[in-house]
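Worksheet: one structure, shown below.
In this note's numbering, the protein residues as written are 65 to 179.
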């Protein structure tokens with residue numbers, strides 16, 4: 065697992081965590097939506113914890129960041145397709161970027177190493 069931890073940056077997870085947390089907070093302030101703040105802070109915390117674990121080279125950092133991306137994509141993509149509104153599309157872009165960054169890192173680590 066060391067090669068993965070040496071090459072993956074925690075920065076995308078920290079950025080995605082901050083953006084989702086801030087977005088959920090703004091959603092709550094603007095509309096009073098408790099689900100917005102709960103989801104934003106939860107997904108933000110998953111990204112933050114994943115980024116921290118990647119930074120400290122602890123296990124499961126990439127997996128936590130990937131989980132946060134799946135949760136965000138699972139909630140935002142259907143709304144983006146259904147409503148066509150800019151906010152769900154923006155969240156979907158964030159989710160897909162996390163899926164690409166951390167999905168690639170996870171798959172590189174999971175693939176068999178040739179001798």
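Where a beta carbon is used, it is the ideal one built from N, C-alpha and C, also for glycine. None of these values were measured; they are calculated from a predicted model.
Best match in 170, 89, 155 for proximity to residue 128 [C-alpha to C-alpha]:
170
Just the C-alpha distance for residue 94 and residue 124, rounded to the nearest angstrom, thanks.
35 Å
What residue from 134, 155, 135 has the CA that sits closest to residue 144's CA?
155
What's the call for residue 85, buried or exposed, on a 16-neighbour Cβ count within 10 Å?
buried
If you reduce the DSSP assignment to three classes, tell me which class residue 124 lands in.
coil
Please report how far the alpha carbon of residue 140 lies from the alpha carbon of residue 153, in whole angstroms.
7 Å
Residue of 126, 104, 150, 146 minimising C-alpha distance to residue 76:
126
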